[in-house]
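Chains as they are written, first to last, in this note's numbering: chain L, 359 to 683; chain S, 12 to 376. Built from N, CA and C at the ideal position, the CB exists for glycine as well. Remember, it's a predicted structure, so these values are computed and weren't measured experimentally. Contents: one structure, followed by commentary.
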């Protein structure tokens, strides 16, 4: 039913050239929060456990769209945010999830639909009769549109650091009646990241990392969420050399990347763009980069590296492991 | 397509026949344009995200040039710096020259063939076709390369030619190679292909950043293999176009008059469109959609050297190359070591110039 609904909100102003000149950095930053592709089969969410307590409701929470009151424990949640989807399943609220957007590809049992978080359509969302909608971006005025239809909306924008991410996990726990499990998940992620940080040998401190978001050499500096992980691990991020005006996700010059001689390259474009240690080694002038010479090119999962859910602990462990070797 | 309505207007011919304003001698103007290109290229080689000592850059280049003759120049760059210069910066500058020259000379040719100052190389659906091809492959292609060649450049090249072919076919069905009909056919094809591209793009939001990056034009990942890839096509196409200058001047007086002067307007139009489209498709394949170069540079040249196509075409080649190298220089340096998409820079310079052109044209009338 919803699949046949026209995506009325589709932007018509995207003429392919000339009009597409404005604010590339801004758009890039926006796209990065939405970009997630491929599929995953691994699964650590358990939808069976439930500590739902109807007594916890109504509950009033403060999300990025202000104070939101949820009258009863939601039973038909729509997640338009891949990160929120991962979190909801990790904290045992998976059974309450009715539908997720077309980028929410993890965990496998998430009820994926063709709802688009980039061009969200209030009618298509409401057709699922949700009692809670979770969003990471307020595209096309969707928050107001859903609000006017009296659907409770939680806007959870991309986290700036781990504390932000933890707070969002805990908030989703309270919103769904799984506060205890959420606290457990946060504690687990926290412990694993601390262990990963502790495992980094002292001589790895200050090594240079290049985080690659695309073969056009888009990167992420320390002001971004993923950048904050590198800071925790004691690495120096070469994207920090770019001016603030480039918006946290600068497109770096190839010559700058080569000259900076990063000790570690993390590819977050293995799924979107088929990049690998081998393709990096073939790029002009990259054969002299220490990370390539020493085989320290991490082929990360694009999705894990672009989200701020519980799997960020996996990412930190992967990077820490390479630093040990 | 905001420019579509303007294009349908029977534009005032700034391309008044040749002998209108031979203010400066051809030699002087050509030399000046050649010098501008050399200066732009030198600046492009010297300036970049990684500072390289200008003297050692020259020595390194001299060493490379003289290497085959057994001459060893001392004091050249070594290691990473040499790699930066020879493998990253140099191919990028060379590619910028080629792409800029191709777009500018194609734009001038289109303007001549349509007798319309608002024509540009993307007029007949080349951009929309290339955009659709690139978007489809970015979103759906299971492979990244076909042999040694990237799949996206291939699809863009084929898409650009496909767009122009559709426009020509529609135009000839609708009334021969008559210029206004062809123009309208081009606009229809471009609008349709652009809509199809938008549709594919909206269905594949996870590839948006890549698609967007391609649509706005980029030279950041230039390699020598790109140069080798497009050079043959560009060479042939530009050579053909340069030979058509005289005929385009004759065509400027009108189809009937040109016919009586021994130029077959239909055949000439087809030849020029095919050559210009080949050049455009090659440029688009390696650099994405870089706007405004093809539109603006021929007009700059006309201001400097008059309207004869025997001058406008070769000068557009030189000035186009210089313009794009400088635009790329700005794109690389202004946020260094971050980059700005080159399409933003050319449009940033091009859009105000375009406005000025319209304004000045209106005042003169």
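Go ahead and pull the three-state DSSP assignment for residue i.
i, result
"residue 329 of chain S", "helix"
"residue 297 of chain S", "helix"
"residue 468 of chain L", "coil"
"residue 595 of chain L", "strand"
"residue 484 of chain L", "helix"
"residue 369 of chain L", "Per-residue confidence for residue 369 of chain L stands at a pLDDT of 36, beneath the threshold of 50, marking its modelled position as unreliable; the derived number appears in the next sentence. Note: residue 369 of chain L maps to coil in three-state DSSP."
"residue 95 of chain S", "helix"
"residue 493 of chain L", "strand"
"residue 574 of chain L", "coil"
"residue 318 of chain S", "coil"
"residue 684 of chain L", "There is simply no residue 684 of chain L to check, as chain L begins at 359 and stops at 683 in what is shown."
"residue 420 of chain L", "strand"
"residue 609 of chain L", "strand"
"residue 349 of chain S", "strand"
"residue 264 of chain S", "coil"
"residue 509 of chain L", "coil"
"residue 136 of chain S", "coil"
"residue 323 of chain L", "The question about residue 323 of chain L has no answer, for chain L in this structure spans 359 to 683."
"residue 403 of chain L", "A caution first: residue 403 of chain L carries a pLDDT of 41, below 50, which makes its placement in the model unreliable, though a value can still be read off. Coil, per DSSP."
Do residue i and residue j have their C-beta atoms closer together than 8 Å?
i, j, result
"residue 295 of chain S", "residue 107 of chain S", "no"
"residue 8 of chain S", "residue 353 of chain S", "In this structure chain S extends from 12 to 376, so residue 8 of chain S is not present and cannot be described."
"residue 668 of chain L", "residue 445 of chain L", "yes"
"residue 583 of chain L", "residue 518 of chain L", "yes"
"residue 475 of chain L", "residue 506 of chain L", "no"
"residue 280 of chain S", "residue 95 of chain S", "no"
"residue 116 of chain S", "residue 328 of chain S", "yes"
"residue 567 of chain L", "residue 493 of chain L", "no"
"residue 662 of chain L", "residue 650 of chain L", "no"
"residue 142 of chain S", "residue 208 of chain S", "yes"
"residue 252 of chain S", "residue 286 of chain S", "yes"
"residue 6 of chain S", "residue 52 of chain S", "Beyond the ends of chain S as shown, which are 12 and 376, falls residue 6 of chain S; an answer cannot be given."
"residue 431 of chain L", "residue 535 of chain L", "yes"
"residue 659 of chain L", "residue 630 of chain L", "no"
"residue 121 of chain S", "residue 128 of chain S", "no"
"residue 681 of chain L", "residue 562 of chain L", "yes"
"residue 238 of chain S", "residue 102 of chain S", "yes"
"residue 299 of chain S", "residue 227 of chain S", "yes"
"residue 323 of chain S", "residue 313 of chain S", "yes"
"residue 427 of chain L", "residue 213 of chain S", "no"
Kindly indicate the opening and closing residues of the beta strand (DSSP E) around residue i.
i, result
"residue 437 of chain L", "435-437"
"residue 569 of chain L", "566-570"
"residue 623 of chain L", "622-625"
"residue 514 of chain L", "From DSSP, residue 514 of chain L is part of no beta strand (DSSP E); its letter is neither H nor E."
"residue 129 of chain S", "Premise fails: residue 129 of chain S is in no beta strand (DSSP E) and is neither H nor E."
"residue 457 of chain L", "455-458"
Taking Cβ-Cβ distances shorter than 7 Å, what residues in chain S pair up with residue i?
i, result
"residue 601 of chain L", "346 and 349"
"residue 595 of chain L", "Result: empty, since nearest Cβ-Cβ is about 12 Å, beyond 7 Å."
"residue 574 of chain L", "224, 229, 231 and 232"
"residue 643 of chain L", "94, 95, 98 and 99"
Taking C-beta pairs closer than 7 Å, name the residues in chain L that residue i reaches, listed in chain order.
i, result
"residue 386 of chain S", "This structure leaves residue 386 of chain S out entirely; chain S is present only between 12 and 376."
"residue 75 of chain S", "Within chain L, no residue comes near residue 75 of chain S; the closest Cβ sits about 15 Å away, beyond 7 Å."
"residue 379 of chain S", "Any property of residue 379 of chain S remains undetermined from this structure, which presents chain S solely from 12 to 376."
Going by DSSP, what residue range makes up the alpha helix (DSSP H) through residue i?
i, result
"residue 657 of chain L", "Taken as a continuous stretch (DSSP letters only), residue 657 of chain L belongs to no alpha helix (DSSP H), being part of the beta strand (DSSP E) at 655-657."
"residue 424 of chain L", "Note, residue 424 of chain L: premise wrong, no alpha helix (DSSP H); beta strand (DSSP E) at 424-428."
"residue 193 of chain S", "190-214"
"residue 449 of chain L", "From DSSP, residue 449 of chain L is part of no alpha helix (DSSP H); its letter is neither H nor E."
"residue 60 of chain S", "Looking at the DSSP string, residue 60 of chain S is not in any alpha helix (DSSP H), and its letter there is neither H nor E."
"residue 670 of chain L", "670-682"
"residue 179 of chain S", "162-186"
"residue 648 of chain L", "648-651"
List, in chain order, every chain S residue whose beta-carbon is nearer than 8 Å to that of residue i.
i, result
"residue 632 of chain L", "155"
Determine the chain L residues that contact residue i at a beta-carbon separation under 8 Å, and present them in chain order.
i, result
"residue 44 of chain S", "The contacting residues do not exist; residue 44 of chain S stays about 26 Å from chain L at best."
"residue 280 of chain S", "In chain order: nothing, as chain L lies at least about 24 Å away."
List, in order along the chain, the chain S residues whose C-beta lies closer than 9 Å to that of residue i?
i, result
"residue 648 of chain L", "What residue 648 of chain L touches in chain S: nothing, since even the nearest Cβ is about 10 Å away."
"residue 619 of chain L", "91"
What residues in the region 204-238 of chain S have a beta carbon less than 8 Å from any beta carbon of chain L? Of all residues in the region 204-238 of chain S, 205, 208, 209, 212, 213, 216, 217, 218, 219, 220, 221, 223, 224, 226, 227, 229, 231, 232, 234 and 235 have a Cβ within less than 8 Å of some Cβ in chain L.
In the region 605-617 of chain L, which residues sit with their C-beta less than 7 Å from some C-beta in chain S, listed in chain order? Flagged, chain order: 608, 609, 610, 611, 612, 613, 614, 616 and 617.
May I ask you to list, following chain order, the residues of the region 48-68 of chain S that have a beta carbon less than 7 Å from some beta carbon of chain L? Under the 7 Å Cβ criterion, the region 48-68 of chain S contributes 59, 60 and 61.
Taking only beta carbons into account, state which residues of the region 469-498 of chain L come closer than 7 Å to chain S, listed in chain order. Under the 7 Å Cβ criterion, the region 469-498 of chain L contributes 474, 476 and 477.
By the 7 Å beta-carbon criterion, what residues does the region 412-432 of chain L contribute toward chain S? Those residues of the region 412-432 of chain L that come within reach of chain S (Cβ to Cβ, closer than 7 Å) do not exist; the list is empty.
What residues in the region 108-120 of chain S bring their beta carbon closer than 9 Å to a beta carbon of chain L? Per Cβ criterion, the list is empty.
Members of the region 82-94 of chain S near chain L, C-beta cut-off 8 Å: Listed by position along the chain: 90, 91, 92 and 94.
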